[in-house]
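Okay, so here's the structure we're looking at.
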Amino acid sequence: MIDLFGIGCFPALFAAFVVVFALREAFTYREKIQVKYLLTPLITLIVIGFALLSISDRGFSFYRGMVLLSLVFALVADTMLMIVETNLLKFGIIYFLLGHVLYIAAFSEGYSYNPWNILVLALMFAYVGIFYYFVRGKTGGMDVPVLAYMLVITAMMFFAFSGFNRFWGVREVLIAVGAVLFMLSDSILAVNAFVFKIPHSTVYTWALYAPAQFLFAVSCFY
626 MIDLFGIGCF
636 PALFAAFVVV
646 FALREAFTYR
656 EKIQVKYLLT
666 PLITLIVIGF
676 ALLSISDRGF
686 SFYRGMVLLS
696 LVFALVADTM
706 LMIVETNLLK
716 FGIIYFLLGH
726 VLYIAAFSEG
736 YSYNPWNILV
746 LALMFAYVGI
756 FYYFVRGKTG
766 GMDVPVLAYM
776 LVITAMMFFA
786 FSGFNRFWGV
796 REVLIAVGAV
806 LFMLSDSILA
816 VNAFVFKIPH
826 STVYTWALYA
836 PAQFLFAVSC
846 FY
């Protein structure tokens with residue numbers, strides 16, 4: 626078992642993540658926009674720090690490189706989506722889409738088929754189909770891009786769970802839990818953007834999204 630807190634600056638990064646994340650949520654809930662603009666990208670920067678630390682400690686690999694690059698795209702998307710003065714959602718979706726493609730590349734490395742994957746895929750498509758039914762026609766002409774994004778994140782989740790085909794280890798659990806949190810976060814984001822407004826929605830999305838990205842980054846140590 627890896628002692629993460631014995632690795633370099635991991636304890637300092639973890640403390641920074643917890644503090645900044647808590648402050649971001651508190652100030653955002655109180656609608657302190659300027660502070661939110663400072664803390665939101667800082668959270669993702671700290672998560673990028675975990676990925677960089679894993680490369681420094683464990684060495685570079687295809688998996689770590691893909692996760693790191695995905696987090697960089699996420700930083701751009703996070704910065705766009707946090708701005709309330711203008712709607713940059715469609716541009717943020719593009720960067721998140723690219724990030725998910727990179728996660729798919731990382732999670733699908735060494736993929737091996739297992740019959741239970743069919744059940745997982747069926748459940749995921751059922752969720753996406755039902756969700757898309759409710760948002761279709763309410764996306765402001767973005768039905769096709771939204772559907773494409775939903776299919777890509779479904780593929781990301783599928784390959785996140787496919788890791789259990791090979792081994793039930795810490796990395797596989799971190800990835801699977803992170804993928805579920807990411808899907809739930811995006812679901813709240815979509816409902817707020819296209820169906821009805823959710824008070825303090827960004828607080829709820831980030832309560833799921835930030836831990837998801839953190840888990841993906843930490844999986845790089847395993």
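Take 626 as the starting number for the sequence shown in the working numbering and just add one per residue.
Even glycine gets a Cβ: it sits at the ideal position worked out from N, Cα and C.
Run of the alpha helix (DSSP H) containing residue i, from where it starts to where it stops
i, result
"residue 747", "741-760"
"residue 719", "714-732"
"residue 826", "826-843"
"residue 654", "635-654"
"residue 697", "687-707"
"residue 683", "658-683"
"residue 797", "795-815"
"residue 771", "768-787"
Reference residue i, options the options, closest by Cα
i, options, result
"residue 643", "779, 664, 814 and 823", "664"
"residue 705", "674, 661, 679 and 728", "661"
"residue 756", "742, 637 and 775", "775"
"residue 765", "712, 639 and 805", "712"
"residue 753", "714, 783 and 732", "783"
"residue 646", "707, 669 and 627", "669"
"residue 710", "630, 659, 773 and 846", "659"
"residue 721", "759, 655, 794 and 778", "778"
"residue 674", "628, 826 and 636", "636"
"residue 827", "655, 781 and 736", "655"
Through-space distance from residue j to residue i, alpha-carbon basis
i, j, result
"residue 849", "residue 657", "The chain is shown from 626 up to 847; residue 849 falls before or after that span and cannot be answered."
"residue 601", "residue 689", "Outside the shown range of the chain, which is 626 to 847, sits residue 601, and nothing can be said about it."
"residue 728", "residue 734", "10 Å"
"residue 641", "residue 829", "20 Å"
"residue 653", "residue 716", "22 Å"
"residue 672", "residue 842", "6 Å"
"residue 723", "residue 785", "16 Å"
"residue 693", "residue 803", "15 Å"
"residue 824", "residue 718", "21 Å"
"residue 725", "residue 631", "30 Å"
"residue 821", "residue 795", "37 Å"
"residue 768", "residue 714", "13 Å"
"residue 686", "residue 732", "13 Å"
"residue 772", "residue 834", "20 Å"
"residue 684", "residue 758", "44 Å"
"residue 763", "residue 628", "48 Å"
Inter-stretch contact at 8 Å, needing at least 3 Cβ pairs: the segment 806-813 / the segment 690-703: As far as the Cβ criterion goes, the segment 806-813 does not touch the segment 690-703, which means the pair count is below three.
Three or more C-beta pairs below 8 Å linking the segment 812-830 and the segment 796-803: Verdict: no, contact absent.
Three or more C-beta pairs below 8 Å linking the segment 776-790 and the segment 736-743: The answer is yes - the segment 736-743 touches the segment 776-790, with three or more Cβ pairs under 8 Å.
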